[in-house]
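Taken in sequence, the protein lines are chains A and B.
Under numbering that gives the first Met the number 0, the first residue of the first sequence carries the number 0, and numbering increases by one thereafter.
Under numbering that gives the first Met the number 0, the first residue of the second sequence carries the number 0, and numbering increases by one thereafter.
For glycine and all other residues, C-beta sits at the position ideal for the given N, C-alpha and C.
Values in this document were obtained by computation on a predicted structure and should not be read as measured data.
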Amino acid sequence: MAEKLLVNPIDCKGHAACAELLPEAITLDEWGYPILDPRPLPPSLERHARAAVSACPTLALRLQRLP
Amino acid sequence: MTAATDSTQSDAITGLPRLLPPPEEKDRKQDLDAHLERHGMLPYRERDGVLIADIETAGLTGRGGGAFPLHRKLQAVRDAADKRRRTPKVVANGAESEPASGKDATLLWLSPHLVLDGLQLAAQAVAADAVILYTHANRKHDVGERLREAINQRRLRSIDRIPVELAEAPARFLAGQETALLNHLAGRAAVPTFMPPRITERGLNDVPTLVQNVETLAHLALIARKGPRWFRSVGTDEEPGSMLTTMRRQDGQPKVAEVPLGIPLKALTGDLPAGSAVLIGGYHGTWVSGSDAQRLTMANSSLKEAQARVGAGVVITLPSDRCGLVETARVVRYLALESAGQCGPCFNALPRIAASLAEVAGGRFRKGTLDNIERWSGLAAGRGACHHPDGTTRFVSSALRTFASEIERHRGGRCSATSHEPFLPIPKATALDEQDWI
Chain A
0 MAEKLLVNPI DCKGHAACAE LLPEAITLDE WGYPILDPRP LPPSLERHAR AAVSACPTLA
60 LRLQRLP
Chain B
0 MTAATDSTQS DAITGLPRLL PPPEEKDRKQ DLDAHLERHG MLPYRERDGV LIADIETAGL
60 TGRGGGAFPL HRKLQAVRDA ADKRRRTPKV VANGAESEPA SGKDATLLWL SPHLVLDGLQ
120 LAAQAVAADA VILYTHANRK HDVGERLREA INQRRLRSID RIPVELAEAP ARFLAGQETA
180 LLNHLAGRAA VPTFMPPRIT ERGLNDVPTL VQNVETLAHL ALIARKGPRW FRSVGTDEEP
240 GSMLTTMRRQ DGQPKVAEVP LGIPLKALTG DLPAGSAVLI GGYHGTWVSG SDAQRLTMAN
300 SSLKEAQARV GAGVVITLPS DRCGLVETAR VVRYLALESA GQCGPCFNAL PRIAASLAEV
360 AGGRFRKGTL DNIERWSGLA AGRGACHHPD GTTRFVSSAL RTFASEIERH RGGRCSATSH
420 EPFLPIPKAT ALDEQDWI
């Protein structure tokens, strides 16, 4: 099933572990905060996306199920 | 501030005003007797939820700025309550944290009973068991005292089925944002939280919560009495009904009037000579040139051509002796200070944008300053927990667009302002100093 990345911008403190683990879908702005690819994740990236979600020290990154 | 009402609007043909007392009653004390005489008793329905169909037919949308269809929100709260087996709560939002807006304060001062009726009716529509009226302390008139009196009069006559709790909003720009409001009511700081989940699912005390602007509730109170067709007899087919607007012109004094949706903007702005500009919506709104404004009406279907929205009905005509860039820079400084400071993109971008705008406003700004503003705006929009960065950057972009020729003048070290007196109202950015809140 399709999923996309979602970040809680309040919990996010810019650790950037997510961008490190999923550079294909996450880049950083000039202040170190994640810019998420808004499109549904291709299946090939799903494992890496889950790793990125687990790696976030503040649990700010989520995967949102798409209808 | 409760602004002067524009009493030229009372009209047997349009049937306005609806929400505000007619001009003939300007000097009459608007107490419960006056309200009952004019509007009759609050008409509860035989069953909960029955009012929603009438609201759908009426096409009433939120008057707090979002213009979301009320019937959908009511239904969402009912559905969430059924699904989760929780009893909802209703909050009437009278915080009016937009400094340029005075319509809610005016409505609460002149027609508190319509708002209170609407609050009870909304509660019945969603089968709520608690209602709260959230207002902002007002410097000129003690709105809190007026409301306590009104609630007491109603209690003596057993009008309200659910006792109304009054709560006071702190003097912050974001205090009226719906999640910030709920945080404040829960005893926390009045700053936003990230959604999902939506507050219609999980709000105050984790129950489905309906938050509605006080003006929306006042319209609800009249639709319940007079029906949806009456409501639709003014306005446009797509955007029916009347709305309250806060206007400012040359003298900077706010005037609140009730107008039909779709009224030509010209009727609200006054004369628009060449080089003039209008701010539509408030500090998260849009600057539009005077020449564009001539063709527009107060309806989203018209305003969207100019990338503007009706919002909370603020319409400000910039006097020809002021500089739009200077005024914008003043406002954006305030907006940056009012960031909740929770989200990286917002608290990084907004102060930088404010500083760069101050440079542009001051004349002879550095190369790259405009590009920086554009880049930072692009980074901030949509990346916060609330719409503060989105609204602020929309306001900034519209200023750079509308005042493009003024920017060129500033580049050459000139400014077309002949008065340096501040025009747009800005509260002192501290909660301690409510005296200066307008």
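- Assign ARG84 (chain B) to one of two classes, buried (16 or more other C-beta atoms within 10 Å of its C-beta) or exposed (fewer than that). exposed
- Please name the residue, chosen from B:SER288, B:ALA121, B:THR368, B:LEU35, that lies closest to GLN152 (chain B) on a Cα-to-Cα basis. B:LEU35 is the residue among B:SER288, B:ALA121, B:THR368, B:LEU35 whose C-alpha sits nearest the C-alpha of GLN152 (chain B).
- Query: Closer than 8 Å, Cβ to any Cβ of chain B: which residues of the segment 10 to 43 of chain A, in chain order?
  - Reply: ASP10, CYS11, LYS12, GLY13, ASP28, GLU29, TRP30, GLY31, TYR32, ILE34
- Are three or more beta carbon pairs between the segment 46 to 56 of chain A and the segment 12 to 26 of chain A nearer than 8 Å? yes
- For the beta strand (DSSP E) that contains ILE34 (chain A), what are its first and last residues? 33 to 35
- Kindly indicate which three-state DSSP category ASP435 (chain B) falls into: helix, strand or coil? The predicted model places ASP435 (chain B) with a pLDDT of 33, which falls under 50 and marks its position as unreliable; any figure quoted below should be read in that light. ASP435 (chain B) falls in the helix class under three-state DSSP.
- Mind checking who TRP286 (chain B) pairs with in its DSSP beta bridge? Answer is B:LEU278.
- Item | Any chain A beta carbon closer than 8 Å to ARG493 (chain B) | Nothing about residue 493 (chain B) can be reported from this structure: the residues present for chain B run from 0 to 437 only.
- Which residues in the same chain have their Cβ closer than 8 Å to the Cβ of LEU18 (chain B), if we skip the five residues on either side of it in sequence? LEU106, SER110, LEU113, GLU214, ALA217, HIS218, LEU221, SER241, LEU243, GLU257
- Message: Let me make sure I understand the geometry here. Which of B:ARG321, B:GLU358, B:LYS366, B:HIS387 has the alpha-carbon closest to that of LEU349 (chain B)?
- Response: Nearest in C-alpha terms to LEU349 (chain B), of all of B:ARG321, B:GLU358, B:LYS366, B:HIS387, is B:HIS387.
- Quick one: what's got a C-beta closer than 6 Å to LEU317 (chain B)'s C-beta in the same chain, skipping five residues either side? Cβ within range, chain order: ALA276, GLY323.
- Kindly say whether PHE172 (chain B), judged by its beta-carbon, lies nearer than 8 Å to any beta-carbon of chain D. Although the question refers to chain D, the structure presented lacks it and instead comprises the protein chains A and B.
- Task: Identify, in the order they occur along the chain, each residue of the same chain with its Cβ nearer than 6 Å to the Cβ of PHE422 (chain B), setting aside the five sequence neighbours on each side.
- Result: Counting only residues of its own chain and dropping the five nearest sequence neighbours on each side, PHE422 (chain B) has a CB closer than 6 Å to the CB of GLY251, ARG321, GLU326.
- Item | Host beta strand (DSSP E) of GLU212 (chain B) (start-end) | Checking the sequence shown, residue 212 (chain B) turns out to be Asn, not Glu. Looking at the DSSP string, the run of the beta strand (DSSP E) that includes ASN212 (chain B) is 208 to 212.
- Can you give me the start and stop residues for the alpha helix (DSSP H) that HIS419 (chain B) sits inside? HIS419 (chain B) -> no alpha helix (DSSP H), and no H or E assigned at all.
- Residues that PRO66 (chain A) contacts on chain B, provided the C-beta gap is smaller than 7 Å: The contacting residues do not exist; PRO66 (chain A) stays about 13 Å from chain B at best.
- Query: Nearest-angstrom Cα distance between THR7 (chain B) and ILE9 (chain A)?
  - Reply: A caution first: THR7 (chain B) carries a pLDDT of 46, below 50, which makes its placement in the model too unreliable to give a value.
- Query: Just reading off the alpha helix (DSSP H) that THR60 (chain B) is part of, what are its end residues?
  - Reply: That residue, THR60 (chain B), is in no alpha helix (DSSP H); it is neither H nor E in DSSP.
- Message: For a contact defined as C-beta to C-beta under 9 Å, what are the partners of PRO8 (chain A) on chain B?
- Response: PHE193, GLN341, CYS342, GLY343, PRO344, CYS345, ARG382, GLY383, ALA384
- Message: Against LEU378 (chain B), what residues of chain A qualify as contacts under a CB-to-CB distance less than 9 Å, listed in chain order?
- Response: ASP28, GLU29, TRP30, TYR32, ILE34
- Could you give the distance in angstroms between the alpha-carbon of ASP236 (chain B) and the alpha-carbon of ARG228 (chain B)? 11 Å
- CB-CB under 6 Å to ALA75 (chain B), same chain, minus the five flanking residues each way: which ones, in chain order? Cβ neighbours of ALA75 (chain B) beyond the five flanking positions: THR199.
- Three-state secondary structure assigned by DSSP to THR316 (chain B): strand
- Query: Apart from the five residues just before and just after ARG224 (chain B), which ones in its own chain have a Cβ nearer than 8 Å to its Cβ?
  - Reply: HIS38, GLY39, PRO42
- Task: Return helix, strand or coil for GLY411 (chain B), following the three-state DSSP convention.
- Result: coil
- In this structure, does DSSP put LYS366 (chain B) in helix, strand or coil? LYS366 (chain B) carries a coil assignment under DSSP once its states are collapsed to helix, strand and coil.
- Query: Considering LEU336 (chain B), what are the terminal residues of the alpha helix (DSSP H) in which it resides?
  - Reply: 323 to 336
- Going by other Cβ atoms of all chains shown within 10 Å of its Cβ, with 16 needed for buried, is THR208 (chain B) buried or exposed? buried
- Under a three-way DSSP split, which group does GLY377 (chain B) fall into? helix
- Give the straight-line distance between the Cα atoms of LYS3 (chain A) and GLY280 (chain B), rounded to the nearest whole angstrom. 33 Å
- Would you report the Cα separation of LEU69 (chain B) and THR60 (chain B), rounded to the nearest angstrom? 5 Å
- Task: Could you name each continuous beta strand (DSSP E) segment of 3 residues or more that falls completely within the segment 146 to 229 of chain B, going from the start of the chain to the end?
- Result: 163 to 168, 208 to 212
- Compute the Euclidean distance between the alpha carbons of PRO42 (chain A) and CYS55 (chain A), then round it to the nearest angstrom. 21 Å
- Cβ-Cβ distance between ASN212 (chain B) and ARG62 (chain B) below 8 Å: yes
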